[in-house]
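K.L.:
Those protein sequences? They're chains A and B, same order as listed.
So the first sequence is numbered by the numbering used here: it starts at 22 and just counts up by one.
So the second sequence is numbered by the numbering used here: it starts at 22 and just counts up by one.
Idealized CB from N, CA, C, for every residue including glycine.
Number of protein chains: 2
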Amino acid sequence: MRYPASETAKKHERILKEAARLFRERGFDGAGVAEIMEAAGLTHGAFYAHFTSKDALQTEAVERAFAQANSRIYALATNTSDAKQAFLDSYLGRAHRNHAQDGCPMAALGPEIARSSAARKPFTQGVKHILDGMVSRFRWKRKGIARRNAIHVLSAAVGAVILARAVDDPRFSDEILASVRDALASL
Amino acid sequence: MRYPASETAKKHERILKEAARLFRERGFDGAGVAEIMEAAGLTHGAFYAHFTSKDALQTEAVERAFAQANSRIYALATNTSDAKQAFLDSYLGRAHRNHAQDGCPMAALGPEIARSSAARKPFTQGVKHILDGMVSRFRWKRKGIARRNAIHVLSAAVGAVILARAVDDPRFSDEILASVRDALASL
DNA sequence: AGGCAAGCATGATGATCATCATATAACATC
DNA sequence: GATGTTATATGATGATCATCATGCTTGCCT
Chain A
22 MRYPASETAK KHERILKEAA RLFRERGFDG AGVAEIMEAA GLTHGAFYAH
72 FTSKDALQTE AVERAFAQAN SRIYALATNT SDAKQAFLDS YLGRAHRNHA
122 QDGCPMAALG PEIARSSAAR KPFTQGVKHI LDGMVSRFRW KRKGIARRNA
172 IHVLSAAVGA VILARAVDDP RFSDEILASV RDALASL
Chain B
22 MRYPASETAK KHERILKEAA RLFRERGFDG AGVAEIMEAA GLTHGAFYAH
72 FTSKDALQTE AVERAFAQAN SRIYALATNT SDAKQAFLDS YLGRAHRNHA
122 QDGCPMAALG PEIARSSAAR KPFTQGVKHI LDGMVSRFRW KRKGIARRNA
172 IHVLSAAVGA VILARAVDDP RFSDEILASV RDALASL
């Protein structure tokens with residue numbers, strides 16, 4: 022049957038939201054169309070009325086996850102006195118490590134993005150946008166190399182969360198997060 | 022038919038080698054048993070004479086990839102005057118970025134490891150072993166915080182390679198590698 | 001030398017998956 | 001208020017995959 026147009030837009034949003042969540046939780050291959058649709062409260066058949074393919078969904082889901090990440094960084098910059106320190110505390114905290122499903126798409130999907138022709142473009146834009154935000158909104162001790170340091174901080178933070186999640190030993194995992202947080206705080 | 026025992030051992034090795042390569046190239050889900058066996062010069066049926074499951078193969082393939090990585094670090098330490106710098110030049114070089122299939126398993130599989138119950142144990146051991154090697158064999162400027170700095174360098178290097186691979190823009194990708202290489206050289 | 005069993009190939013099995021086909025029923029438009 | 005359109009559900013399709021079943025052949029051991 023047919024449904025009101027306002028509902029349709031909400032359902033589209035819900036599919037995207039659940040896709041962004043499930044992709045980060047299980048990977049692009051690990052989350053199926055049917056599972057995503059069910060999480061959005063629909064059945065699999067309705068999917069192709071909203072997206073042309075699973076690849077297209079990947080593209081939009083990555084965009085969505087980056088938009089979320091960027092708005093968080095923006096919130097840190099306006100609500101805290103030291104945005105860089107707030108970023109480090111949040112990004113390298115246990116909560117982020119333990120909840121990849123609504124965390125940073127770089128840490129959750131990095132290597133899979135490199136293999137996904139659909140996701141690389143929005144990913145590249147997302148990384149550039151985040152970097153620009155870090156360069157302009159964080160307070161850097163050495164202004165002349167702010168961009169280099171932003172790339173450094175971002176890389177180290179992403180790598181640390183990936184290692185902390187992959188590792189089997191909780192103390193070691195905590196050590197990784199704490200070490201990188203301390204090391205980056207002085208930049 | 023039956024085959025000589027020496028041949029069998031070589032085939033086992035070949036399966037492991039191709040698995041470690043294909044997993045890093047396409048991910049655990051992206052590389053199928055049949056494809057791995059074909060790459061090893063066999064058919065899919067022979068697989069279960071060598072491994073009890075694909076999960077078991079993942080476990081051993083991760084072990085193998087880490088052994089390879091460790092022997093490379095060891096070689097750097099014995100053949101160069103500045104092992105840390107040699108590591109940075111190699112790990113953050115274009116060759117490593119462009120050839121995930123025989124590069125570092127952390128950068129190629131990080132987030133997927135976190136979701137794989139089979140791979141987390143060997144991964145954890147591998148990371149610990151690499152870190153120990155870095156702490157003891159690299160020349161650190163500040164000896165008191167060598168371990169913290171080793172964790173920092175490893176995280177930043179892993180993150181940088183993951184981002185450099187995922188990004189669509191070659192100049193941006195090069196910039197990531199060069200920035201992190203420069204930033205880490207002073208530790 | 002002869003029998004046993006190991007290692008491999010071929011092919012089957014059942015599950016899972018992305019995508020497509022079709023029918024339905026209500027919305028939007030005139 | 002009639003009509004065409006649209007979002008959805010159900011179900012089909014064909015591909016892919018891990019794993020299992022079977023049988024052959026030949027190395028290995030007695």
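(1) Could you please give the first and the last residue of the uninterrupted alpha helix (DSSP H) stretch that includes His150(B)?
(2) In chain B, which residues lie with their C-beta within 8 Å of the C-beta of Glu133(A)?
(3) I need the straight-line Cα distance from Leu205(B) to Arg168(B), nearest angstrom please.
(4) For a contact defined as C-beta to C-beta under 9 Å, what are the partners of Val148(A) on chain B?
(5) Whose Cβ in chain A lies nearer than 8 Å to the Cβ of Val54(B)?
(6) Assuming contact is defined by CB atoms lying nearer than 8 Å, are Met127(B) and Leu184(A) in contact in what I supplied?
(7) Cβ of Ala70(A) within 8 Å of Cβ of Glu39(A)?
(8) Is it right to say Gln79(B) is buried, meaning 16 or more other beta carbons lie within 10 angstroms of its own, or is it exposed?
(9) Could you check where the alpha helix (DSSP H) with Arg163(A) kicks off and where it finishes?
(10) Suppose the cutoff is 6 Å on Cβ atoms and the five residues either side in sequence are ignored; what does the same chain contact list for Thr171(B) look like?
(11) Would you decide whether Ala129(A) is buried or exposed? Buried here means 16 or more other CB atoms lie within 10 Å of its CB.
(12) Could you confirm whether any beta carbon from chain A is found closer than 8 Å to the beta carbon of Gly114(B)?
(13) How many angstroms separate the CA atom of Arg85(B) from the CA atom of Glu133(B)?
(14) If I follow the unbroken alpha helix (DSSP H) through Arg85(A), where does it start and stop?
(15) Beta-carbon within less than 6 Å of Ala104(B)'s beta-carbon, same chain only, minus the 5 sequence neighbours each way: which residues are those?
(16) Can you tell me where the alpha helix (DSSP H) holding Val188(A) begins and where it ends?
(17) Looking only at its chain, what residues have a beta carbon closer than 8 Å to the beta carbon of Val182(B), apart from the 5 residues adjacent to it on each side?
(18) What are the start and end residues of the alpha helix (DSSP H) that includes Phe108(A)?
(19) Determine the direct distance from the alpha carbon of Arg192(B) to that of Phe44(A), and round the result to whole angstroms.
(20) Tell me whether Pro25(A) is buried or exposed, calling it buried when 16 or more other Cβ atoms sit within 10 Å of its Cβ.
(21) Alpha helix (DSSP H) containing Thr29(B): first to last residue?
(22) For His173(A), would you say it is in contact with chain B, using Cβ-to-Cβ distances shorter than 8 Å as the test?
(23) Since I believe His173(A) is in contact with Ser176(B) (beta carbons under 8 Å), could you give me their beta-carbon distance rounded to a whole number of angstroms?
(24) List the endpoints of the continuous alpha helix (DSSP H) containing Ala129(A).
(25) Below 8 Å on the Cβ atoms is my contact criterion, and I expect Ala121(A) with Phe144(B) to pass it. Report the Cβ-Cβ distance as a whole number of Å.
(26) Going along the region 72-86 of chain A in order, which residues come within less than 9 Å of chain B, judged by CB to CB distance?
(27) Which two residues bound the contiguous alpha helix (DSSP H) that contains His117(A)?
(28) If we ignore side chains and look at the alpha-carbon of each, how far apart do Arg93(A) and Val148(B) end up?
(29) Would you mind stating whether Ala55(A) and His65(A) have Cβ atoms separated by less than 8 Å?
(30) Under a CB-based cut-off of 8 Å, is Ala204(B) close to chain A?
(31) Starting from the beta carbon of Met22(A), find every residue of chain B whose beta carbon is closer than 7 Å, and list them in chain order.
(32) Does chain A have any CB closer than 8 Å to the CB of Met155(B)?
(33) Please name the residue, chosen from Tyr95(A), Ala107(A), Val83(A), Lys31(A), that lies closest to Ala135(A) on a Cα-to-Cα basis.
(34) Along chain A, which residues have their Cβ under 9 Å away from the Cβ of Gly66(B)?
P.N.:
Short version:
(1) Numbered from its first residue, the second sequence carries residue 150(B) at position 129. It spans 141-158 - the alpha helix (DSSP H) in which His150(B) sits, taken as one unbroken run.
(2) On the first sequence, position 112 is the one that residue 133(A) refers to. Going along chain B in sequence order, the residues near Glu133(A) (Cβ under 8 Å) are Gly48, Pro132, Glu133.
(3) Position 184 of the second sequence holds residue 205(B). Position 147 of the second sequence holds residue 168(B). The straight-line gap from Cα to Cα measures roughly 14 Å.
(4) Walking along the first sequence from the start, residue 148(A) turns up at place 127. Residues of chain B passing the Cβ test: Leu184, Ala187, Val188, Phe193, Ile197.
(5) The residue given as residue 54(B) occupies position 33 in the second sequence. The premise fails here: Val54(B) is roughly 15 Å from chain A at the closest Cβ pair, so nothing lies under 8 Å.
(6) Within the second sequence, residue 127(B) is the residue found at index 106, counting from 1. Within the first sequence, residue 184(A) is the residue found at index 163, counting from 1. A contact, by the Cβ cut-off of 8 Å.
(7) If you number the first sequence from 1, residue 70(A) lands on position 49. If you number the first sequence from 1, residue 39(A) lands on position 18. Against a cut-off of 8 Å, the Cβ pair of Glu39(A) and Ala70(A) comes out as no contact.
(8) Taking the first residue of the second sequence as 1, we reach residue 79(B) at position 58. So Gln79(B) ends up on the buried side.
(9) For the purposes of this step, residue 163(A) is taken as residue 142 along the first sequence, with counting starting at 1. Note, Arg163(A): premise wrong, no alpha helix (DSSP H); not H, not E.
(10) Working through the second sequence from its first residue, we reach residue 171(B) at position 150. Note that residue 171(B) is Ala in the sequence shown, not Thr. The answer, listed in chain order, is Leu152, Met155, Val156.
(11) One-based indexing of the first sequence puts residue 129(A) at position 108. Per the 10 Å Cβ criterion, buried.
(12) Here the question's residue 114(B) lines up with position 93 in the second sequence. Answer no: the Cβ-Cβ gap between Gly114(B) and chain A never drops below 8 Å.
(13) Here the question's residue 85(B) lines up with position 64 in the second sequence. Here the question's residue 133(B) lines up with position 112 in the second sequence. Computed Cα separation, rounded: 17 Å.
(14) Here the question's residue 85(A) lines up with position 64 in the first sequence. Its alpha helix (DSSP H) spans residues 75-100.
(15) Within the second sequence, the letter at position 83 stands for residue 104(B). Same-chain partners within the cutoff: Leu97, Ala98, Arg158, Phe159.
(16) Mapped onto the first sequence, residue 188(A) falls at position 167. Element bounds for Val188(A): n/a, residue is neither H nor E.
(17) Here residue 182(B) is taken as the residue at index 161 of the second sequence, counted from 1. Closer than 8 Å at Cβ, skipping near neighbours: Tyr112, Leu113, His117, Arg118, Gly124, Cys125, Ala128, Leu198.
(18) For this step, residue 108(A) is matched to residue 87 along the first sequence. Taken as a continuous stretch (DSSP letters only), the alpha helix (DSSP H) holding Phe108(A) covers 104-112.
(19) Working through the first sequence from its first residue, we reach residue 44(A) at position 23. Working through the second sequence from its first residue, we reach residue 192(B) at position 171. Rounded to whole angstroms, Phe44(A) to Arg192(B) spans 28 Å at the Cα level.
(20) For the purposes of this step, residue 25(A) is taken as residue 4 along the first sequence, with counting starting at 1. With fewer than 16 Cβ atoms within 10 Å of its Cβ, Pro25(A) is classed as exposed.
(21) Residue 29(B) sits at position 8 when you count from the first residue of the second sequence. Run containing Thr29(B): 26-51, per the alpha helix (DSSP H) assignment.
(22) The residue given as residue 173(A) occupies position 152 in the first sequence. So, interface residue.
(23) Taking the second sequence and counting its residues from 1, one reaches residue 176(B) at position 155. Taking the first sequence and counting its residues from 1, one reaches residue 173(A) at position 152. In fact, because the Cβ distance is near 11 Å, the residues do not count as touching under 8 Å.
(24) Start at 1 with the first residue of the first sequence, and residue 129(A) comes out as number 108. That run of the alpha helix (DSSP H) goes 126-136.
(25) What you label residue 121(A) is simply residue 100 of the first sequence in a count that begins at 1. What you label residue 144(B) is simply residue 123 of the second sequence in a count that begins at 1. With 8 Å as the limit, Ala121(A) and Phe144(B) do not qualify as a contact, their Cβ atoms being about 16 Å apart.
(26) none
(27) Walking along the first sequence from the start, residue 117(A) turns up at place 96. Taken as a continuous stretch (DSSP letters only), the alpha helix (DSSP H) holding His117(A) covers 115-119.
(28) Counted from its first residue, the first sequence places residue 93(A) at position 72. Counted from its first residue, the second sequence places residue 148(B) at position 127. Distance between the alpha carbons of Arg93(A) and Val148(B): 31 Å.
(29) Translated into the one-based positions of the first sequence, residue 55(A) becomes position 34. Translated into the one-based positions of the first sequence, residue 65(A) becomes position 44. Yes, the Cβ-Cβ distance between Ala55(A) and His65(A) is below 8 Å.
(30) For the purposes of this step, residue 204(B) is taken as the residue at position 183 of the second sequence. Yes, contact with chain A.
(31) Position 1 of the first sequence, counted from the start, is the residue given in the question as residue 22(A). Result: empty, since nearest Cβ-Cβ is about 37 Å, beyond 7 Å.
(32) Taking the second sequence and counting its residues from 1, one reaches residue 155(B) at position 134. By this cut-off, Met155(B) is not an interface position.
(33) The residue given as residue 135(A) occupies position 114 in the first sequence. The candidate whose alpha carbon is nearest that of Ala135(A) is Val83(A).
(34) Looking up residue 66(B) in the second sequence gives position 45. Correct list: empty, because the minimum Cβ distance to chain A is about 25 Å.
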